[in-house]
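A.B. asks: As given, the protein sequences belong to chains A and B, one line each in that order.
Numbered per the numbering used here, the first sequence spans residues 689 to 800.
Numbered per the numbering used here, the second sequence spans residues 41 to 154.
Glycine included, each C-beta is placed from N, C-alpha and C at the ideal position.
Since the structure is predicted, the reported quantities are computational estimates derived from the model, not experimental observations.
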Amino acid sequence: KQEVTQIPAALSVPEGENLVLNCSFTDSAIYNLQWFRQDPGKGLTSLLLIQSSQREQTSGRLNASLDKSSGRSTLYIAASQPGDSATYLCAVRSSNDYKLSFGAGTTVTVRA
Amino acid sequence: KAGVTQTPRYLIKTRGQQVTLSCSPISGHRSVSWYQQTPGQGLQFLFEYFSETQRNKGNFPGRFSGRQFSNSRSEMNVSTLELGDSALYLCASSIDRVGQETQYFGPGTRLLVL
Numbered sequence: 689k690q691e692v693t694q695i696p697a698a699l700s701v702p703e704g705e706n707l708v709l710n711c712s713f714t715d716s717a718i719y720n721l722q723w724f725r726q727d728p729g730k731g732l733t734s735l736l737l738i739q740s741s742q743r744e745q746t747s748g749r750l751n752a753s754l755d756k757s758s759g760r761s762t763l764y765i766a767a768s769q770p771g772d773s774a775t776y777l778c779a780v781r782s783s784n785d786y787k788l789s790f791g792a793g794t795t796v797t798v799r800a
Numbered sequence: 041k042a043g044v045t046q047t048p049r050y051l052i053k054t055r056g057q058q059v060t061l062s063c064s065p066i067s068g069h070r071s072v073s074w075y076q077q078t079p080g081q082g083l084q085f086l087f088e089y090f091s092e093t094q095r096n097k098g099n100f101p102g103r104f105s106g107r108q109f110s111n112s113r114s115e116m117n118v119s120t121l122e123l124g125d126s127a128l129y130l131c132a133s134s135i136d137r138v139g140q141e142t143q144y145f146g147p148g149t150r151l152l153v154l
């Protein structure tokens with residue numbers, strides 16, 4: 689069974705600092721990995737999706753890397769802003785059963 | 041394009057009752073997935089539908105069921121509600137073609153069981 693871990697559970701940084709969010713998974717047989725953002729009481733917003741054959745994806749200030757062999761992905765957010773405050777979730781889709789497994793998330797607070 | 045919509049947004053039920061939640065995917069999306077989110081367990085996969093067929097199922101009891109219609113709209117049903125079923129239920133849709141697997145989530149239905 690795929691286990692997805694996100695450390696730390698919470699993070700507080702001053703505005704302008706770069707954010708580094710970590711995601712690790714136990715089974716390297718993955719189809720893809722997706723990063724989401726969730727605001728309190730809301731649904732999830734997709735940020736980036738990395739296919740298993742890719743090493744990284746970029747969108748604006750966001751960059752996500754994938755190292756399938758070591759079971760790790762990292763989400764970088766450059767020059768953080770208060771509007772980046774949210775919970776960030778990592779989700780891994782297994783290539784065996786196609787199920788999507790989520791981490792518990794990292795709650796980020798960017799202080800103005 | 042309109043996003044994923046879920047109805048109702050909020051629901052209060054009592055133990056033993058049953059509930060039906062509805063999800064309308066983004067136009068053109070063929071796959072619909074359902075998730076349960078609770079503070080203790082996080083986001084857990086319930087089931088996934090593609091072309092009116094259940095393609096995948098998570099580890100939930102048989103009280104949880106779903107279906108997908110020919111227009112890709114999906115419903116989820118929970119029978120004999122328990123207090124522990126109180127949660128945010130999220131629906132996500134996807135085009136589900138190679139290279140287009142991004143999941144788009146709805147705002148969720150918050151269910152409170154008393």
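What residue from B:I135, B:L154, B:L130 has the CA that sits closest to B:Q84's CA?
C.D. replies: Closest in alpha carbon position to B:Q84, among B:I135, B:L154, B:L130, is B:L130.
A.B. asks: Of all Cβ atoms in chain B, is any one closer than 7 Å to the Cβ of A:S734?
C.D. replies: yes
A.B. asks: Does A:F790 have its Cβ less than 7 Å from a Cβ in chain B?
C.D. replies: When Cβ-Cβ separations below 7 Å define contact, A:F790 makes contact with chain B.
A.B. asks: With a threshold of 8 Å, are at least 3 pairs of Cβ atoms found where one atom belongs to the stretch 727 to 736 of chain A and the other to the stretch 143 to 150 of chain B?
C.D. replies: yes
A.B. asks: So which residues on chain A does B:E141 lean against when the C-beta distance must stay under 9 Å?
C.D. replies: In chain order: Y719, N720, Q722, L737, Q739, R781.
A.B. asks: To which residues of the same chain is A:E744 closer than 8 Å at the C-beta, ignoring the five residues directly before and after it?
C.D. replies: I738, N751, A752, S753, L754
A.B. asks: Could you give the first and the last residue of the continuous beta strand (DSSP E) run that contains A:S712?
C.D. replies: It spans 707 to 713 - the beta strand (DSSP E) in which A:S712 sits, taken as one unbroken run.
A.B. asks: According to DSSP, which residues form a beta bridge with B:F145?
C.D. replies: Bridge pairing for B:F145: B:A132 [DSSP].
A.B. asks: Do you know how far the Cα of A:S773 is from the Cα of A:G793?
C.D. replies: 13 Å
A.B. asks: From which residue to which residue does the beta strand (DSSP E) around A:Q690 run?
C.D. replies: Taken as a continuous stretch (DSSP letters only), A:Q690 belongs to no beta strand (DSSP E), as it is neither H nor E.
A.B. asks: Using CA coordinates, which residue listed in A:T797, A:N784, A:A717 is at the minimum distance from A:Y776?
C.D. replies: The closest CA to that of A:Y776, considering only A:T797, A:N784, A:A717, is found on A:T797.
A.B. asks: Mark B:Y89 as exposed unless 16 or more other C-beta atoms lie within 10 angstroms of its C-beta, in which case mark it buried.
C.D. replies: buried
A.B. asks: Is it the case that the Cβ atoms of B:D168 and B:R95 are separated by a distance below 7 Å?
C.D. replies: A question about residue 168 of chain B goes unanswered here, because the residues of chain B that appear run from 41 up to 154.
A.B. asks: Tell whether a beta-carbon distance below 7 Å holds between A:R760 and A:N720.
C.D. replies: Their beta carbons are not under 7 Å apart, which means A:R760 does not touch A:N720 by this criterion.
A.B. asks: Please state whether the Cβ-Cβ distance between B:L86 and B:G68 is less than 7 Å.
C.D. replies: no
A.B. asks: Checking contacts by CB at 7 Å: is A:K756 closer than that to chain B?
C.D. replies: No, no contact with chain B.
A.B. asks: Which of the three DSSP states is assigned to A:P770 in this structure?
C.D. replies: A:P770 falls in the helix class under three-state DSSP.
A.B. asks: Return the chain-ordered list of same chain residues with a C-beta closer than 7 Å to the C-beta of A:L723, the five sequence neighbours on each side being excluded.
C.D. replies: In the sequence as presented, Leu is not what sits at residue 723 of chain A; that position holds Trp. So the list reads L735, L736, A752, L763, Y776, C778, once near-sequence residues are dropped.
A.B. asks: Would you identify the three-state DSSP class for B:G124, choosing helix, strand or coil?
C.D. replies: helix
A.B. asks: If I'm right that B:V72 touches B:Q108 with Cβ under 8 Å, what's the distance once you round it to whole angstroms?
C.D. replies: 6 Å
A.B. asks: Examine chain A for any beta-carbon lying closer than 7 Å to the beta-carbon of B:G106, and answer yes or no.
C.D. replies: With 7 Å as the cut-off, B:G106 does not count as an interface residue toward chain A.
A.B. asks: Look at the alpha carbon of B:S126 and the alpha carbon of B:P101, and state the distance between them as a whole number of angstroms.
C.D. replies: 15 Å
A.B. asks: Could you work out which residues of chain B lie near A:D785, taking near to mean beta carbons separated by less than 8 Å?
C.D. replies: Within chain B, the residues whose beta carbon sits less than 8 Å from that of A:D785 are N96, listed in sequence order.
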